[in-house]
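Just so you know, we're using the UniProt record's numbering here: the sequence shown kicks off at 1 and counts up by one.
Glycine is no exception: its CB is placed at the ideal position from the N, C-alpha and C atoms.
All values reported here derive from a predicted model rather than from experimental measurement.
Right, one structure below, let's go through it.
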Amino acid sequence: MADWARAQSPGAVEEILDRENKRMADNLASKVTRLKSLALDIDRDAEDQNRYLDGMDSDFTSMTGLLTGSVKRFSTMARSGRDNRKLLCGLLGTSGPVRAKGPAKGPLPALQFHD
1 MADWARAQSP GAVEEILDRE NKRMADNLAS KVTRLKSLAL DIDRDAEDQN
51 RYLDGMDSDF TSMTGLLTGS VKRFSTMARS GRDNRKLLCG LLGTSGPVRA
101 KGPAKGPLPA LQFHD
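Listed below in structure tokens is the structure:
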């Protein structure tokens, strides 16, 4: 730098350095603008994902409530006596394995549920 600086006038060197500083400042401003845009995109994406997760949480809470209610109703029906056993057998015939267990009072054997 010293060699070319000696060959030119001080005003010319100052002008070259000033142009270089402006070019570098413009490049820096461009990079800052891109980074700001990227940060805003990340923020929007994070907000969208949080809304989606909140919706899923609500859906799972609702589903848990529905399943809990169904299990309670099914258990009540299973304990209610032989009046509902035919209906219970019909429902179980379509939903999963059931095995008869020992002698029972009435025409149908007691049921034992398996996982």
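Inter-residue Cα distance where the pair is R19 and V32 = 20 Å
Length of the line joining the Cα atoms of A25 and I16 = 14 Å
Over the uninterrupted alpha helix (DSSP H) stretch that includes Q49, give me the two end residues.
-> 10-79
Cα-Cα separation, L38 to D59 | When rounded, the distance between both Cα atoms is 31 Å.
Straight-line gap, L40 to R79 (C-alpha atoms, nearest Å) = If you take the alpha carbons of L40 and R79, they lie about 58 Å apart.
How long is the line joining the alpha carbons of R44 and G11, rounded to whole angstroms?
-> Taking the straight line joining both Cα atoms gives about 49 Å.
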